Amino acid sequence: MNKRITCCIGAVLVLSSVLTACEDKKKPEPKLTDTTVNEDTGDTPVDSGNVREYREYTDDEFRTVEINLSYPDKEPHVEVSCIDISELTFGSRIPICNTEEYIGNYFLDMNLNNENMEYDWSDISNMAVNGIAQSCSMYEGKCYIVVEYPNFIYGRYDFSLYHYDEKSGTNEEIFSWSSKDINEHYCNTPILIENEMFYGIENASESTTKIYAYDMITGDTRTIFEESDFDKSVWFYQDDRCFPAIQLMNKGGEVTDVMYYDSASDSFIGSELKDIGEKSISNNTFNGVNYFLVKPEGKRKLDMVSEYYRVSTSFTSGAIIYADENKFIINNNVYLHMYDLEKMEHYLINATELGNATAYCNGFLFIGCKSTGVGSRVYCMIPELGITYPITENDNYIGLKTIGDKVTFNAYEEYNTSIQPRSGKGGIVLSSNKVNKVYTVTVK
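Each residue of the sequence shown is one higher than the one before, counting from 791 in the numbering used here.
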C-alpha cells in the first residue's frame, strides 16, 4: 500500500493450480461419485451410483437479468467487529541505507534528481525510522499486524510482524527481518493469509529471489519459491484478491509468466494450462475445487472451466470472485457477472460506484475500497436481488478479502515524513498508508 516513489508493476489476476483435462473439447473429465456410510460397519464406503454429469453451456443459453441496486432501511444480516490499532507503536529501526557506511552512495540519486537542493547527509546518518502498520488481519480471534520501516527513494530493508491482544493490551513482536546487505531487500508488503505471512527476499548481488511462508502459530519458516537465473527477475506482489502472486520477467523487462500460489501444493503455478492448451486469465479454489477463467485460442471472450462445467461467457476480461458447482461470480471492473446454472440466468450488476474491490461470503457480496485517498463505505449485497446494505461509515479502506467463513479489511490514514534541504526550499516527502483499524465481518 506504499505510495512512495517506487517502481510498480501492475498486479494481475489469480491462478492456483493446473487443471486436468481431456483433449476433445478441452475439458476435464470429472469422476465424482457420491458415497454413503455402510450402516452395518459404520465405515465402509458404498457407491450410491450418483455420478455428476459434466455440463457445457454457451452464454446465449442463459437469460440475462439486469439488477438494479436498492438500499432498504434495515439492519443487514451480518455482524461487524472492529479493532482500533491507531494508538499502537512499533519501535524504530535504522535502515541499512541510513548507516554511515552506505548513506552517501544511497542518496546519490537524490542529489542527481534534485540539483537545486543541497543536503548534508551526515545529518541523517544512523537516523532511525518509526514502524508503520501496513496490513492487519484477524486469525482465530488474534490480531496480526505487518509493520514496515520505510526509507526514502527506493529499497525495503526492515519489516516486522506483531501480535496484538486487545483484551490484555499487549503488543508483541513475533517476527522481524532486516537486511544485512545494501543489495538485499524484501519485495513489497508481506501478505497475511489465515495463519501465515508470505514475503519475498531479493538479493541483487547474488541474483536470487526467494519467497517464504512464516507460520504465525508454530513460528516455522519455509521456502516455497526460489529463482537464481541471472537473466530473470521476479516481482512478488499481492493480486486483486490480496493473495500471493509472482511475475517472471526476462532481462529486457518483458513479462514471461505469471505465477499464482496454490495452497494444495504449497507452491506457485504458472498461467499456462498445458494440459488443456489454454491460458488462464484468473483462477480461484473453493472447497478444494479449482476454477479457471481461460481464453480459448482464437477467441476474444473467456470461458469458465471447472471439473463441473465449461461455460462460454460474454466478457473478455475478469477475475473470479466466487464459484461452486451451480454458480459463479466474475468481476470485470465494468459489471459483476453472476451465472446461476440451476436457474440458467446471467445476472448483470453495475456496482462500480460502490468500490473497486469485491469478496463473496455465505451468499453475500462485499464491495468497497475505492481508489486510494477517496473515502467510501463498505457494502454487503444479495447479488441476485440487488439488495445492498452499508456496513461501515465513510472512511478509506483497503485489503478487502474472504478468509475462511469471514470477510476482513483495513481502514487507513495517510502518514507523511520528510527531508528538508539546507536551503530550506523544497524537500522530499515520503507518503504512506498507515493502517489504523481492522474489520472482521461474519454473516449471521
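Just so you know, even glycine gets a beta-carbon here, dropped at the ideal spot from N, CA and C. For clarity, every value in this text was computed on a predicted model and none was experimentally measured.
Practice task
Find out if the Cβ-Cβ distance for the pair residue 1223, residue 1202 is shorter than 7 Å.
Solution key: yes
Practice task
Please report how far the alpha carbon of residue 1167 lies from the alpha carbon of residue 874, in whole angstroms.
Solution key: 17 Å
Exercise for the section: Measure the C-alpha to C-alpha separation of residue 1081 and residue 1113 and round it to an integer number of angstroms. Expected result: 7 Å
Problem - Through-space distance from residue 895 to residue 1073, alpha-carbon basis - result: 43 Å
Problem - Boundaries (first-last residue) of the beta strand (DSSP E) holding residue 1058 - result: 1057 to 1060
Problem - Identity of the residues DSSP links to residue 1149 by a beta bridge - result: 1156
Practice task
In the DSSP assignment, find the beta strand (DSSP E) that holds residue 1031 and state where it starts and stops.
Solution key: Looking at the DSSP string, residue 1031 is not in any beta strand (DSSP E), and its letter there is neither H nor E.
Handout entry: Nearest candidate by alpha-carbon position, reference residue 962, set 970, 1016, 953 and 968
Key = 953
Exercise for the section: Given a cut-off of 7 Å, decide if residue 1176 and residue 871 are closer than it, judged by their beta-carbon atoms. Expected result: no
Problem - Environment of residue 918 [buried if 16+ CB atoms lie within 10 Å] - result: exposed
Problem - 7 Å Cβ shell around residue 1125 - same chain, five flanking residues per side excluded - result: 1138, 1139 and 1140
Exercise for the section: Would you check if there are 3 or more beta carbon pairs closer than 8 Å linking the segment 963 to 978 to the segment 986 to 1003? Expected result: yes
Practice task
With DSSP as the reference, please indicate the residues paired to residue 1121 in a beta bridge.
Solution key: 1109 and 1126
Exercise for the section: Taking residue 1015 as part of the beta strand (DSSP E), name the residues at either end of that continuous run. Expected result: 1011 to 1017
Problem - Cross-strand partners of residue 1037 (DSSP beta bridge) - result: 1025 and 1048
Exercise for the section: Would you decide whether residue 1199 is buried or exposed? Buried here means 16 or more other CB atoms lie within 10 Å of its CB. Expected result: buried
Handout entry: Same chain, Cβ closer than 6 Å to residue 987, five either side skipped, listed in chain order
Key = 951, 980 and 1004
Exercise for the section: Please list, in chain order, all residues of the same chain as residue 930 whose beta carbon is under 8 Å from its beta carbon, the five residues on each side excluded. Expected result: 985
Practice task
Mark residue 1227 as exposed unless 16 or more other C-beta atoms lie within 10 angstroms of its C-beta, in which case mark it buried.
Solution key: buried
Practice task
Assign residue 1142 to one of three DSSP states: helix, strand, or coil.
Solution key: helix
Exercise for the section: Note the first and the last residue of the continuous beta strand (DSSP E) segment covering residue 846. Expected result: 845 to 847
Exercise for the section: Taking residue 1136 and residue 852 to be in contact with their CB atoms under 8 Å, please state how far apart those CB atoms are, rounded to whole angstroms. Expected result: 4 Å
Handout entry: Between the CA atoms of residue 1055 and residue 1207 - distance to the nearest angstrom
Key = 42 Å
Exercise for the section: Please determine, among 940, 1013 and 879, the residue with the shortest C-alpha to C-alpha distance to residue 960. Expected result: 879
Handout entry: Close Cβ partners of residue 1020 (< 7 Å) along its chain, the five nearest in sequence each way excluded
Key = 997
Exercise for the section: Could you tell me if residue 1191 is buried or exposed, where buried requires 16 or more neighbouring beta carbons within 10 angstroms of its beta carbon? Expected result: buried
Exercise for the section: Tell me, please, which residues DSSP counts as bridged to residue 878. Expected result: DSSP lists no partner for residue 878.
Exercise for the section: Specify, as a first and last residue, the run of the beta strand (DSSP E) that residue 953 falls within. Expected result: 948 to 955
Problem - Opening and closing residue of the beta strand (DSSP E) in which residue 1196 lies - result: 1196 to 1209
Handout entry: Reference residue 1023, options 936, 892, 1088 and 1043, closest by Cα
Key = 1043
Practice task
Would you kindly work out how many angstroms separate the C-alpha atoms of residue 1102 and residue 868, rounded to a whole number?
Solution key: 34 Å
Exercise for the section: Please name the residue in 1097, 1091 and 1151 whose C-alpha comes closest to that of residue 1119. Expected result: 1151
Practice task
Could you check the C-alpha separation between residue 811 and residue 1030 for me, to the nearest Å?
Solution key: Low confidence applies here, because residue 811 scores a pLDDT of 35, under 50, leaving its location unreliable and the question unanswered by this model.
Handout entry: Alpha-carbon spacing of residue 1155 relative to residue 1075, whole angstroms
Key = 17 Å
Handout entry: Extent of the continuous beta strand (DSSP E) run through residue 925
Key = 922 to 929
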